[in-house]
Amino acid sequence: RNPRNRGLINFTPVAIADGSGPNPGISPDYQYDIILPWGDPLEPGGPAYSWPPTAADQALQLGIGHDGMWFFPMIHEHGRRFGWDEDRENNPWRGRALAFGQGNDHGVLCLNHEFGGNDHVLGKPVPESLEDVRASQHAHGVSVVEIRKGHGRDNRWQPVRSRLSRRIHVNTPVNFSGPAAGHPLLQTPNGNIPLGTVNNCANGYTPWGTYLTCEENFNGYFGTEDPAWTPNESQQRYGFLNTGFGYGWHLFDKRFDLADPDYRNEENRFGWIVEIDPFDPTRTPVKRTALGRTKHEGATVHVDDYGRVVVYSGDDQTFDYIYKFVSADNWRAMRARGESPLDHGTLYVARFGDDGNGEWLELSMNIPALAARFADMGELLVNTRIAADIVGATPMDRPEWVTVGADDKVYCALTNNSRRSVADGPNPLAPNPDGHIIRWSETSGFAGTTFVWDIFLIAEDTHADDREDTFSDPDGLWADPDGRLFIETDGGQKKGLNNQLLVADINSGELRRLFTGVSGCEVTGIAVTPDRRTLFVNIQHPGDGDPNQTNFPLLNAAPDGVTIPRDATVVITRRDGGIIGA
Ligand code: FEO
Ligand code: CA
Ligand code: CA
Ligand code: CA
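Using UniProt numbering, the letters of the sequence shown map in sequence onto residues 64 to 645.
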């Protein structure tokens, strides 16, 4: 290669022939390590991995279904440790210390545990006791884990014993804030306190150093044996079924029984974006209701020129919508007044015109059609999907991750929609089994209500026989500040490929394959150190839990001699120590 002629992406891609089978593949210019497999202990106090886990053990071990995550760097001063963003906010001097290179080898990783099927977690299809249900529940949620490079005998990243490490799962106390907090629709006749988070898919993080975890397919954990139960309008819009997705929690935990009169409204407590403080384990997770209740894929935070926070979130369902929340004021000013920027502001949903223009439609009681339908903002937020239906949002092909590129365009993965029978401008294929990526520019500022959009990539266009850069089903997205777009996939890839991580040049559209996962897995979650020389991604549901497909990551066999595949985090570095993606 001519070093004077380097483009944005210069690595040798993973060849199609090297991107299948039971083991990961990586560009020859890169290397990977594996950390934080499902079931490993959180230190101190966590018990060693064994399978299947007891409920008590699983509550102190890493969960399953590794998905969205973020790395919060730590810096050191006089033996004390501080979180990066916390320091930038409160002490510019320490913020400068970080700018001079701290925090690239030590930090707190917040890691979502989206789901694990009963066969994978429990070794049986249906729970047989409350103990089984609790083990399944404790495998879901979030891990907060302090990790450090070179802490052991070698130079590997490893979890460390830490007062910050903790599990948040389906039975962890949580608080509500924002307009729907305290609303009757979030109270049960039982009077039970709000507990837990579930199906934590993608994520976000705030400029004040907190983590946002998003509740996606929460409906699937509720069910009932009561033949008289029928879903009300709201339950129907959010997809509640008597069978759920087969977890069977309702068989032994009445909190998840849709027909139990004591737990009426319990399901309304899920479908929210949840804020977690990585640096203060005494802080209770907070469900921020102003951001709406949908099957939130993620929560991408961007700060506009005025200092308002703008939060983008896709609702991942066929024909569902893309949302944006704008804080009422500059985030520092709000926090100085003791307000959360995520509690006060305006929620919008996107309407994409076929002519390339778009509009953000306000979801509030200011809108006459919504004031006519809902008694108050709390009821509206609990039924965000219904409010968006009423104002005429544009049904999309399963909105997944959103990221803001170096070109200030907003990119959203539309993963697929085999059910689409009528194409339109923003969803140009019918059916659309392999997905596409749409992008838009905010034409009246990030807080404004108008945009122009175009299609960045259509997966099908990469499927020709002579294309090396084939991919399908884009899901995870992350844009770096140099103009790269990292694309992760979740679905059946063409040409025998496993799911994968590709890097795109947002100007030229060039695509190269950086990493491939293992049979049956999805590649998801993406986080970087501040210097972007370490990249973390996740292998989710390797082999779909089946040891005949893969034994990834080939760690110790269970007592019965079967090596169960385990979700894990992959640490990617360049062999020459350079910026990831270059
Ligand atoms: Fe959990 Fe939409 O992916
Ligand atoms: Ca997933
Ligand atoms: Ca996803
Ligand atoms: Ca997906």
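The C-beta atom is built at its ideal place from N, Cα and C for all residues, glycine as well.
Report the residue from the options whose alpha carbon sits nearest the alpha carbon of residue i.
i: Ala-432; options: Ile-449, Gly-641, Gln-299 and Gly-555; result: Ile-449
i: Gly-421; options: Leu-304, Ile-501, Ala-362 and Trp-335; result: Ile-501
i: Gly-441; options: Phe-342, Pro-404 and His-246; result: His-246
i: Pro-115; options: Arg-351, Pro-628, Asp-343 and Tyr-326; result: Pro-628
i: Phe-285; options: Asp-524, Asn-255 and Arg-318; result: Arg-318
i: Asp-368; options: Arg-395, Gln-563, Asn-570 and Gln-94; result: Arg-395
i: Leu-125; options: Thr-381, Phe-178 and Gly-355; result: Phe-178
i: Ile-339; options: Ala-476, Gly-259 and Asn-253; result: Gly-259
i: Arg-351; options: Gly-555, Val-445, Ile-518 and Asn-561; result: Val-445
i: Arg-637; options: Arg-595, Leu-560, Leu-617 and Asp-607; result: Arg-595
i: Lys-362; options: Cys-277, Asp-630, Asp-545 and Gly-164; result: It is worth fixing the name first, because residue 362 is Ala in this sequence and not Lys. Cα-wise, what sits closest to Ala-362 is Cys-277.
i: Ser-504; options: Pro-76, Thr-251 and Asp-517; result: Asp-517
i: Phe-549; options: Leu-560, Gly-588, Ile-521 and Asp-524; result: Gly-588
i: Gly-608; options: Trp-133, Gly-128, Ile-97 and His-183; result: His-183
i: Leu-560; options: Pro-76, Ala-80 and Thr-75; result: Ala-80
i: Val-205; options: Val-372, Cys-264 and Asp-392; result: Cys-264
i: Asp-545; options: Ile-521, Ser-582 and Asn-570; result: Asn-570
i: Phe-74; options: Ser-90, Phe-519, Ser-507 and Gln-612; result: Ser-90
i: Val-389; options: Ser-376, Gly-401 and Gly-88; result: Ser-376
i: His-201; options: Asn-262, Tyr-386 and Gly-241; result: Asn-262
i: Ser-113; options: Thr-626, Thr-632, Asp-639 and Val-634; result: Thr-626
i: Ile-642; options: Thr-592, Thr-269, Ala-469 and Lys-358; result: Thr-592
i: Phe-534; options: Gly-88, Ala-510, Asn-562 and Pro-85; result: Asn-562
i: Leu-248; options: Gly-213, Lys-212, Phe-333 and His-176; result: Phe-333
i: Asp-538; options: Gln-221, Asp-130, Gly-401 and Thr-597; result: Asp-130
i: Val-586; options: Arg-356, Asp-553 and Gly-606; result: Asp-553
i: Ser-297; options: Glu-330, Thr-579 and Ala-322; result: Glu-330
i: Glu-523; options: Gly-408, Gly-283, Pro-494 and Phe-509; result: Pro-494
i: Ala-243; options: Ile-336, Gly-468 and Thr-466; result: Ile-336
Could you name the residues that DSSP lists as bridge partners for residue i?
i: Ile-500; result: Ala-476 and Leu-520
i: Trp-423; result: Ala-413
i: Ser-390; result: Gly-408
i: Gly-204; result: His-176
i: Val-454; result: In the DSSP output, where bridge partners are listed per residue, Val-454 has none listed.
i: Cys-277; result: Ile-336
i: Ser-240; result: Arg-351
i: Val-515; result: Asn-420 and Ser-504
i: Gly-286; result: Asp-320
i: Arg-230; result: Ser-206
i: Gln-94; result: Thr-636
i: Phe-315; result: DSSP output for Phe-315 lists no bridge partner at all.
i: Met-459; result: Asp-383
i: Ile-89; result: Phe-578
i: Ile-602; result: Val-586 and Ala-631
i: Val-171; result: Phe-135 and Glu-209
Assign residue i to one of two classes, buried (16 or more other C-beta atoms within 10 Å of its C-beta) or exposed (fewer than that).
i: Glu-551; result: buried
i: Ala-542; result: buried
i: Lys-187; result: exposed
i: His-139; result: exposed
i: Asn-480; result: buried
i: Pro-324; result: exposed
i: Arg-414; result: buried
i: Ala-567; result: buried
i: Glu-288; result: exposed
i: Asp-217; result: exposed
i: Asp-630; result: buried
i: Gln-165; result: buried
i: Gln-556; result: buried
i: Asp-406; result: buried
i: Asp-148; result: Only weak support exists for where Asp-148 lies, its pLDDT of 49 falling under 50; the coordinates are left without a value.
i: Gly-644; result: buried
i: Ala-438; result: exposed
i: Leu-574; result: buried
i: Asp-195; result: buried
i: Asp-316; result: buried
i: Gln-121; result: buried
Using a beta-carbon distance below 8 angstroms, is residue i in contact with chain D?
i: Arg-576; result: Looking at the structure shown, chain D is missing, and only one protein chain is on hand.
Handout entry: At least three beta-carbon pairs within less than 8 angstroms, the region 510-529 to the region 448-459
Key = As far as the Cβ criterion goes, the region 510-529 does not touch the region 448-459, which means the pair count is below three.
Problem - Test item, CB below 6 angstroms from any non-hydrogen atom of ligand 3 - result: Having a Cβ closer than 6 angstroms to some heavy atom of ligand 3 are Cys-264, Ala-265, Glu-360, Glu-463, Asp-538, Asp-553 and Thr-587.
Handout entry: contact_flag[the region 599-611, the region 102-115] where n(CB pairs < 8 angstroms) is 3 or more
Key = Counting C-beta pairs closer than 8 angstroms gives fewer than three between the region 599-611 and the region 102-115, which falls short of the contact rule.
Practice task
Count the CB pairs spanning the region 468-480 and the region 373-389 that are closer than 8 angstroms, and state whether there are at least three.
Solution key: Pairwise C-beta distances place the region 468-480 in contact with the region 373-389, as three or more of them are shorter than 8 angstroms.
Handout entry: Meets three-Cβ-pair contact criterion under 8 angstroms: the region 399-419 and the region 507-524
Key = The region 399-419 makes contact with the region 507-524: 3 or more CB pairs, one atom from each, lie closer than 8 angstroms.
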